[in-house]
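Residue 130 in UniProt numbering is what sits at position 130 of the sequence shown, and the numbering runs on without skipping anything. Ideal Cβ placement from N, Cα and C applies to all residues, glycine included. Single-structure report; data block below.
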Amino acid sequence: MEEDKARNTSCEAIDFGIEAYEAINGGLVKGMKVVGDLYERQEYFIPEVLLCSDALTAGLEVLQPHLPVDGNKAAEKVVIGVVQGDTHDIGKNLVKIMLEASGFEVYDLGRNVPLQDFAEKALEVGSRIIGMSTLMTTTMDGMRTVIDDLKKRGIRDEFLVIIGGGPISPAFAKEIGADLYAPDANSAARKLKELLEVRACA
1 MEEDKARNTS
11 CEAIDFGIEA
21 YEAINGGLVK
31 GMKVVGDLYE
41 RQEYFIPEVL
51 LCSDALTAGL
61 EVLQPHLPVD
71 GNKAAEKVVI
81 GVVQGDTHDI
91 GKNLVKIMLE
101 ASGFEVYDLG
111 RNVPLQDFAE
121 KALEVGSRII
131 GMSTLMTTTM
141 DGMRTVIDDL
151 KKRGIRDEFL
161 VIIGGGPISP
171 AFAKEIGADL
181 YAPDANSAAR
191 KLKELLEVRA
201 CA
């Protein structure tokens, strides 16, 4: 819950030669997992979670510039957001950071995104990748709605759809017809690059 300590510790990690991704994944993300566990046990409540989120953001601001960046200028565009009804965006923000570090150009729709906005933004910016996340079981089905929207528009085959978040599973991704499931930010970037490479060679 202490922004200054999160910021200072992140600076120390860089000074000690710890890789930025390791500091993010092994430090900040692990810390937020503890916060999530405390929240589930009702030892932490929304105010504490928000303070911890602010501390996470302070650390990320220090570490993000030190992530290795892919030099590919012909960047693939990705539209990402948290589906309508959910305002939890810490995971989505981490995905954005890792995608940008991997050379993607990210259009972040934010949280509580109206479902039709995913397709509309992707068409507007010329993206062929749509990423969606949620931490709530009550909003999971919104991902299916977005995919159905692409089908109704007759453009489903033009897009790669990747989904993730706490309640999401590979089985759910398959059920709704998503192309990829990612359990964390690093695998989201890696899996997207791998699939794009496979399709480029097809």
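Extent of the continuous beta strand (DSSP E) run through residue i
i	result
Asp-108	105 to 108
Ser-127	Ser-127 -> no beta strand (DSSP E), and no H or E assigned at all.
Gly-164	160 to 164
Gly-85	Segment: none, Gly-85 is in no beta strand (DSSP E) and carries neither H nor E.
Cβ-Cβ separation, residue j to residue i (assumed contact under 8 Å), whole Å
i	j	result
Leu-180	Ile-168	Their Cβ separation, rounded to whole angstroms, is 11 Å, which puts Leu-180 and Ile-168 out of contact at 8 Å.
Leu-160	Ile-129	5 Å
Met-140	Phe-172	7 Å
Leu-109	Asp-117	6 Å
Residue i vs residue j beta-carbon contact at 9 Å
i	j	result
Gln-84	Gly-142	yes
Lys-77	Gly-126	yes
Gly-91	Leu-135	yes
Arg-199	Gly-177	no
residue 246	Phe-104	The question about residue 246 has no answer, for the chain in this structure spans 1 to 202.
7 Å CB neighbourhood of residue i in its chain, flanking five on each side removed
i	result
Val-49	Val-35 and Tyr-39
Leu-115	Val-83, Gln-84, Gly-142, Thr-145, Val-146 and Asp-149
Val-106	Val-78, Ile-80, Lys-96, Leu-99 and Glu-100
Arg-7	Ala-58, Gly-59 and Val-62
Lys-73	Residue confidence for Lys-73 is low, a pLDDT of 47 falling below 50, so the modelled location carries little weight and cannot support an answer.
Asn-25	Asn-186
Any chain D beta carbon closer than 9 Å to residue i
i	result
Leu-94	In the displayed structure, chain D is absent; only one protein chain is listed.
Sequence-distant residues of its chain with Cβ nearer than 8 Å to residue i (five each side left out)
i	result
Arg-153	Ala-119
For residue i, the first and last residue of its enclosing alpha helix (DSSP H)
i	result
Ile-46	46 to 63
Val-198	185 to 201
Val-146	141 to 152
Ile-24	No alpha helix (DSSP H) contains Ile-24, which DSSP labels as neither H nor E.
Pro-170	170 to 176
Asp-15	3 to 15
Own chain partners of residue i with C-beta closer than 6 Å, once the 5 adjacent residues on each side are dropped
i	result
Glu-3	Asp-54, Ala-55 and Ala-58
Decide yes or no for the touch test of the region 56 to 70 against the region 27 to 35: beta carbon pairs closer than 8 Å, at least 3 of them. Because the criterion of three Cβ pairs below 8 Å is met, the region 56 to 70 and the region 27 to 35 touch.
For the region 12 to 20 against the region 44 to 51, are there 3 or more C-beta pairs whose distance is under 8 Å? Proximity of the region 12 to 20 to the region 44 to 51 falls short of the contact definition, fewer than three beta-carbon pairs being nearer than 8 Å.
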